[in-house]
Structure formats: structure tokens, C-alpha cells
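Below: one structure, written as C-alpha cells.
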Amino acid sequence: MRLSTRIGLAVGCTVPLLVLASGWLLLHLVARDLHRTEDQHLRERAAAVAPDARSLLRASQSGRPKAADTRERKLFSAALDVGVRVVGPDADFRGGPQPGPSVALPPRPVGPVTVRDGARGWRALARPLRGTTGTLWVFSTDTADRTQLRLVRRRVVLAALLAAPLSGLLAWGLATGASAPLRRLTRRTAGLDPRASSARPADRRTGVTEVDELAATLRTVLARYDEQAARTAEALDTARSFSAAAAHELRTPLMSMGTNLDILADHPGLPAADRAEVLADLRREHARLLGLLVMLRELGRGDLVEAEAFRPVDLADVADAAVAEARRRAPDAEIALDAAPGLTVHGWVPGLRLLLDNLLGNALAHGRDARGRARVRVGASATADQVVITVDDRGPGVPPAARGRIFERFQRGRDSAGSGLGLTLVAQQAALHRGSVTVTDGPGGAGARFAVRLPSGGGGLPDRRDWLIGTAGANRSQSFPKDAP
């Protein structure tokens, strides 16, 4: 059933009920007004005939029949349109329209009352006659009142009967016109298929608040669908890229491990020194495989993180935990931490921890001096609108020509046994936090300094996140810097 039809039926049923309810109230008000007018008339007539009634009762009680007859005629003449009854201890005079003798009157009424004589009703008013023991009653029939009330009742019922179809048709017409923008919106969106087409309803204002809000909600739902579809596609691309990258990067170490296993299998009498060398190669390749898989997993995790995972983070606490873990892994290294307390950034805790862990791991692996000692200093400070994380080492440093490439995927030094993804993860996490990472010479020109700059207020996720999907060197397409600003 159409909305306009529903509104028409609802109004067509509601308005007659309202008319009847209003008519019922009107009948009560009219009846009260009629009774009030009639009661006022009875009081006026009672006041007018009270002296004659008092004289009649006194003449009757004193035994003067002629005087009583004269007073009685005068009383009934003065009564005009009301009935009169004078009741005394031994007298009962009646004249004019009034209830029959069989109708019992109230013993001591304090005001006008309604007395019924069969199907007929009367308004009655009693007044004690001062100076006597008698009572004056005046009566007025309610025929006129009942006639007026019946007239009002008929008109109310007629109004209700006419209001039902007229109000229903009027409401249906108004609802049809008011719902026209909704029907137009329905026609515009009926053929939309978000799976097969990128067409979306235009932002056209209709002037009807509810319709405009519905259109805006529909556009929001479709935008969320598009966003989720894009994220799903990204997740699939990430999974495919993970498989391809893993297959490509794992091929060489797996072949090397296979060769070493063949040597062990084909030469059971291999000398102990050669056997130990083969086993050492197997352990190194196994560690490299494990590290590569972990790094690829973390890279894909960063590509798929959602904005809801970001929250205010105490950077000093994260740095302290990362330094403690690095000291545990490399007890021979000197690792110092200089982090100002209360440094808060809007970030992803696992991502920030991954950034610091990989910067420390890179410093411990490649930042040792000529004597093989590792001296690393981690700093965290705040500027006007940034939080800066620095990691300094005393190693050979990074040549200027290589400083732009070391953050790309699978870029390893000549003698490196790593996966080539550690610094890529650092760059990815800096970009996810709307920051940047740079590498320069260390303090005093010795070693290397990696500096990560993050905005203090945070921000939304970048539009593109393809660190795992993109090919080597494709990270230049990201919309965030990796070079010094």
C-alpha cells in the first residue's frame, strides 16, 4: 500500500473520531449552558412569585377562602411560563406545567435539580417561604433543551460522516504531492547496482528535509560499500602479493637449504668441519626464512590496519619497552634512551613498537664500530607541531647515494643476512602515522642518524597503502615523504 494511501486512510479514520469526541464535549457544554440559562430563569420566576405564594399560604392558613382564591389566581398569573407548586403543612396548591402528583420531589434540594416523569424531564427549583412553614416549587420542562441537544447531536454526526471521506481525500492528495520527491528518489536509485556500476545518486536538494536526509543516508551507505569493497580488493591484492613475494624471496634460501641437505644426505662421511659449516648455513638460511615471513606478515598487517586502531599513545612508554627488549637481545650493546616524559601521539601501538624495534635492530646489525662495539642512542622529543624520534649509531653510516633506496623492499647490504624489509617497515609505519623518516650522518659526522617525524595531532590514514603490493621501488608512488622535508 502506498504511503499516500496509508496517510489518507489514517486521516480519514482519525478526523471523524476527533469530530465525534469534540461533538461529545460540545454536547456537554451546550447542555450545561442550557441548564444554567434555565436555572437562572427559574430563580428569577421564583423571586417574582415568592410574595404571592407567601400571601396565598398565609390566607389559606388563616381560614380566608376568598382571599386565598384571589391570591392563587394572582400567583398562577404571575408564574407565566413556569409551573408553580406551593406546599404547606395542610395545603398544596398547583398550577402550570409540572410533574404529576405521583412524582416524588427531593426533600431538601439546595439548588436546581432534574426531576423525571416517565420519559419527560423537568428542571425544578425549591425556595422556602420566609415567615411560613411552606415551600415554593417552580418547574420548567426540558423539551426545548432536549430539542436543541438533538439538533447539535445530528449536526455533529453529520459533520463526522462528511469529515471521513473529505479529510481522507484531502490528506491523500496532500500526501501524494508531498511524497513526490521520495518517488523521484526511488526512481533514481531503483536501477543502482553497486557491484556492477559506479554510478551514485546525485546530491540534489529537494527542500523536503526527510527526503534529503534519506538521500544523504543512501549516499553514505553506498560510499561505505565502495570503501569496504576497495578494502576487500586491497586485502585480496595484499594476499596475492604476499604469496608472490614470499615465493620469490623464499626460492633462493630454499634452494640453498635443499643443496645443503643433499650434501648431508649424499656424503654421510663428511668431515666434521665441513659438516658443521653446512649445518651453520642451514641455520642461517632457516633464520632468514623465518625473519622474512615475519616481516612480510607485518608489512601486510600495516597495509590493512584500520583507523579505529589508532588512539593516544605515550611514546616514552613504547620507546622504553623497545629499548628494554633490544638490551635483552644484545646484552653486549650500549643502548641509551633519552625520551621526554608525556610525549603523546595519535598512533597505532603495534606499529610504533614495530618502527622502534626495526630501527634498533638495524642499528645493532649495521651500526657497530670498527671494533665491533654497538653504541646506540634513542631520543624522543617534541617541537611545536611534531614529535621526533632519533636513533643514532657509531657504525660506518649510510652513503648519500643509498639513502633513498634503503627504505625500498628487499634492499639489503652486500653482507647483510636480513630480509631487506626492516627499514621498509619503518617507512611504512611512519607513513601510516602521516610522518616521514630520513637518514643522515650521525652526531659529529660519525655513524648514522635515523629520524622519524610524526605530527603531534595525528591525522587520518593515507589514501594509498601498497607497501606489500607495490613492486620494489614502487614506494615512490606513496603520497608521503621518505626524504628529508
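To get this note's numbering, take the position in the sequence shown, counting from 1, and add 91. Backbone N, C-alpha and C define an ideal beta-carbon position, used for all residues, glycine too.
Spatial distance of residue i from residue j (CA atoms)
i, j, result
"residue 465", "residue 487", "12 Å"
"residue 155", "residue 246", "56 Å"
"residue 513", "residue 318", "30 Å"
"residue 132", "residue 138", "10 Å"
"residue 240", "residue 146", "39 Å"
"residue 90", "residue 312", "Because the chain is modelled from 92 through 576, residue 90 falls outside the range shown and cannot be assessed."
"residue 569", "residue 352", "Reliability fails at residue 569, whose pLDDT of 33 lies under 50, so the model's placement of it is uncertain and no value is given."
"residue 231", "residue 112", "30 Å"
"residue 524", "residue 264", "57 Å"
"residue 93", "residue 294", "25 Å"
"residue 158", "residue 193", "29 Å"
"residue 442", "residue 413", "12 Å"
"residue 181", "residue 168", "23 Å"
"residue 302", "residue 273", "6 Å"
"residue 51", "residue 235", "Nothing can be reported for residue 51: it is not among the residues displayed for the chain, which extend from 92 to 576."
"residue 428", "residue 473", "15 Å"
Own chain residues within Cβ distance below 6 Å of residue i, not counting five before or after
i, result
"residue 260", "none"
"residue 567", "In this predicted model, residue 567 has a pLDDT of only 35, less than 50, meaning its place in the structure is not dependable enough to derive any value."
"residue 262", "98, 99 and 102"
"residue 136", "173 and 229"
"residue 495", "none"
"residue 565", "With a pLDDT of only 37 at residue 565, under 50, the local geometry of the prediction cannot be trusted, and the value read off the model is given with reservation. The answer is none, since no qualifying residue turns up."
"residue 209", "none"
"residue 376", "344, 347 and 348"
"residue 497", "514"
"residue 407", "430, 432 and 434"
"residue 350", "none"
Proximity test, residue i beta-carbon vs the ligand HEM heavy atom, cut-off 7 Å
i, result
"residue 494", "Among the components of this structure there are no ligands whatsoever, and the ligand HEM is therefore not found."
Cβ shell of residue i (< 7 Å), same chain only, five flanking positions each side left out
i, result
"residue 403", "435 and 437"
"residue 572", "Its pLDDT being 33, under 50, residue 572 is placed unreliably by the model, and nothing is read from it."
"residue 445", "389, 516 and 520"
"residue 459", "465 and 486"
"residue 421", "455 and 465"
Nonlocal neighbours in the same chain, by C-beta distance under 8 Å from residue i, ignoring five residues either side
i, result
"residue 533", "483, 484, 485, 488, 539 and 540"
"residue 110", "247, 250, 251 and 254"
"residue 223", "145, 148, 149, 152 and 179"
"residue 366", "355"
"residue 121", "239, 240 and 243"
Residue i burial status per 10 Å Cβ neighbour count (16 or more: buried)
i, result
"residue 190", "buried"
"residue 151", "buried"
"residue 163", "buried"
"residue 95", "buried"
"residue 201", "exposed"
"residue 115", "exposed"
"residue 106", "buried"
"residue 129", "buried"
"residue 171", "exposed"
"residue 203", "buried"
"residue 304", "exposed"
Interface flag, residue i vs chain C, CB-CB below 8 Å
i, result
"residue 437", "Among the chains in the structure shown there is no chain C, since it carries only a single protein chain."
Task: Secondary structure, beta strand (DSSP E): runs of 3+ residues fully inside the stretch 147-219 - done: The qualifying runs are 174-178, 183-186, 204-208 and 211-219.
Open item on the list: Taking 8 Å as the cut-off, does the stretch 237-257 touch the stretch 172-188 (at least 3 CB pairs, one atom from each stretch)?
Closed with: By the Cβ criterion, the stretch 172-188 is not in contact with the stretch 237-257, since fewer than three pairs of Cβ atoms, one from each stretch, lie closer than 8 Å.
- [ ] Assess, as a yes-or-no matter, whether the stretch 471-488 is touched by the stretch 533-543 under the definition of 3 or more beta carbon pairs within less than 8 Å.
- [x] In this structure the stretch 533-543 touches the stretch 471-488; the number of beta carbon pairs closer than 8 Å is three or more.
TODO: Would you check if there are 3 or more beta carbon pairs closer than 8 Å linking the stretch 444-455 to the stretch 417-430?
DONE: Counting C-beta pairs closer than 8 Å gives three or more between the stretch 444-455 and the stretch 417-430, which meets the contact rule.
Open item on the list: Ignoring anything shorter than 4 residues, give me the alpha helix (DSSP H) runs that lie fully in the stretch 350-406, in order along the chain.
Closed with: As far as the stretch 350-406 is concerned, its whole alpha helix (DSSP H) runs of at least 4 residues are 363-395.
- [ ] Enumerate, from N- to C-terminal direction, the unbroken beta strand (DSSP E) stretches of 3 or more residues contained entirely within the stretch 222-296.
- [x] Within the stretch 222-296, the complete beta strand (DSSP E) segments at least 3 residues long are 226-232, listed from N- to C-terminus.
- [ ] For the stretch 399-464, list the alpha helix (DSSP H) runs that are entirely contained and at least 4 residues long, ordered along the chain.
- [x] The stretch 399-464 is shown to contain whole alpha helix (DSSP H) runs of 4 or more residues at 406-420 and 440-457, in chain order.
Open item on the list: Threshold first: 4 residues or longer. Then list the alpha helix (DSSP H) segments lying entirely within the stretch 467-538, N to C.
Closed with: Unbroken alpha helix (DSSP H) runs of no fewer than 4 residues, entirely contained in the stretch 467-538, are found at 513-523, following chain order.
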